[in-house]
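In what follows, a single structure is set out as structure tokens and then discussed.
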Amino acid sequence: VGGSSTEYGNDIAIDSSGNAYITGYTYSSDFPTSADAYSKTLKSGPDTFVFKLNSTGKGLVYSTYLGGNSTDIGYSIAVDYAGNAYITGYTYSTDLPTSADAYSKTFKSGCDVFVSRFNSTGTQLIYSTYLGGSDYEYGYGIAVDSSGNAYVAGYTYSTDFPVTPGAYDTTLNSYEVFVTKISLFIPPSSPSLEAILNYDTVYLSWNKPTVGSHPIKGYQIYRAISPSVDYQPLVFLDGVDTTSYADSSGL
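Every number in my numbering is 10 more than the matching position in the sequence shown, counting from 1.
In structure tokens form, the structure reads like this:
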């Protein structure tokens, strides 16, 4: 996979279906991107690329750039059970895209680590943040757990690299390895519920919530006959697209 200039592939991850996720960096303005990619334009060069190949290796599922006004190097990639891709590397760009809930939206100095997450189709940058101090940092490895937390490793020259209280080591000696955990869990929005009683039937309806970092499996409906009775599970509705339910069993 490549364009008219130079590309470097740095890391690969495989999901449970055998699809491959690759990151690296490219100097090509014509690097192949998908029709609805998050970014189809080389910003400055080199830019990070992220692409997904199907399990046969014959189909490009998606491909996108990620970059700013200077050098952006994608170095490591991981994938979660929902097919979201997590990327880390390092950047010299002062305007690398960051998300509204980023840990840090500001480039600190020299070279910063970035941590980014794409949705399963490569069309949306769900999360993106800088990570760094007043000197140089490089992100070289990333892993993700079942709760959507990202674990990033690399090394830093910054005496003010962000460390947590009680950390194993809070003092820089020359330059050192760092290990950072970033929570990327985004809860879904709460649906608004409407209930209508019509004779012997209760009609429930609600809006489809905005999906967070994990897919919604469905809705659990509970019922209580009176305030003094504990809520009991009535039915589980499988699938996020279900937005109504009628019940006459308890009336």
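Positions of the beta carbon are idealized from the N, C-alpha and C atoms, including for glycine.
This structure is a prediction, so every number in the text was calculated from the model and none was measured.
Let me check understanding here. Comparing Cα to Cα, which of Tyr165, Val245, Phe41 and Ile206 lies closest to Thr190? Tyr165
So, Thr10 versus Gly78, is the Cβ gap smaller than 8 Å? Since the first residue shown for the chain is 11 and the last is 261, residue 10 is missing from the structure and cannot be characterised.
Do the segment 80 to 89 and the segment 63 to 70 meet, that is, are 3 or more Cβ pairs less than 8 Å apart? no
Closest to Leu182 by C-alpha separation, out of Asp170, Gly176 and Tyr137, would be which residue? Asp170
Assign Gln230 to one of three DSSP states: helix, strand, or coil. strand
Per-residue DSSP class, three states only, for Pro243: strand
Is it the case that the Cβ atoms of Tyr85 and Asp21 are separated by a distance below 8 Å? yes
On the DSSP letters alone, give me the boundaries of the beta strand (DSSP E) that Leu203 sits inside. Leu203 to Asn208
Could you check whether Ile206 and Ala160 sit closer than 8 Å to each other, using their CB atoms as the reference points? no
Do Ser73 and Gly12 have their beta-carbon atoms positioned less than 8 Å apart in this structure? no
Please go through the same chain and pick out, in chain order, the residues whose beta-carbon is closer than 8 Å to the beta-carbon of Leu27, but skip the five residues on each side of it. The sequence given here has Ser at residue 27, not Leu. So the qualifying residues of the chain are Ser65.
Cβ-Cβ separation, Asp57 to Thr33 (assumed contact under 8 Å), whole Å: The Cβ separation is near 11 Å, so there is no contact.
To the nearest angstrom, how far is the alpha carbon of Ile152 from that of Leu244? 42 Å
Between which two residues does the beta strand (DSSP E) carrying Lys68 extend? Element bounds for Lys68: n/a, residue is neither H nor E.
Same chain, Cβ closer than 6 Å to Ser38, five either side skipped, listed in chain order: Gly13, Ser14 and Ser15
Please say whether Ser144 and Thr108 have beta carbons closer to each other than 8 Å? no
Mind checking whether Val123 and Val154 have CB atoms under 8 Å apart? no
Below 7 Å CB to CB, which residues in the same chain sit around Asp105 once its five sequence neighbours on both sides are set aside? Gly78 and Asn79
Thinking just about the alpha-carbon of each residue, which of Glu17, Asp251 and Ser54 is nearest to the one in Gly228? Asp251
Could you tell me the distance, in whole angstroms, from the CA atom of Tyr262 to the CA atom of Ala47? With the chain covering only 11 through 261, there is no way to say anything about residue 262.
Just list the beta strand (DSSP E) runs in the segment 100 to 186, keeping only unbroken ones of 3 residues or longer that don't cross its boundaries, in chain order. 122 to 128, 135 to 141, 147 to 154 and 159 to 166
Length of the line joining the Cα atoms of Leu203 and Thr253: 9 Å
Alpha-carbon spacing of Gly67 relative to Phe246, whole angstroms: 38 Å
Are the beta-carbon atoms of Gly49 and Asn94 separated by less than 8 Å? Note that residue 49 is Ser in the sequence shown here, rather than Gly. Cβ distance not < 8 Å, so Ser49 and Asn94 don't count as in contact.
Which word fits Ser258, buried or exposed, when buried means at least 16 other C-beta atoms lie within 10 angstroms of its C-beta? exposed
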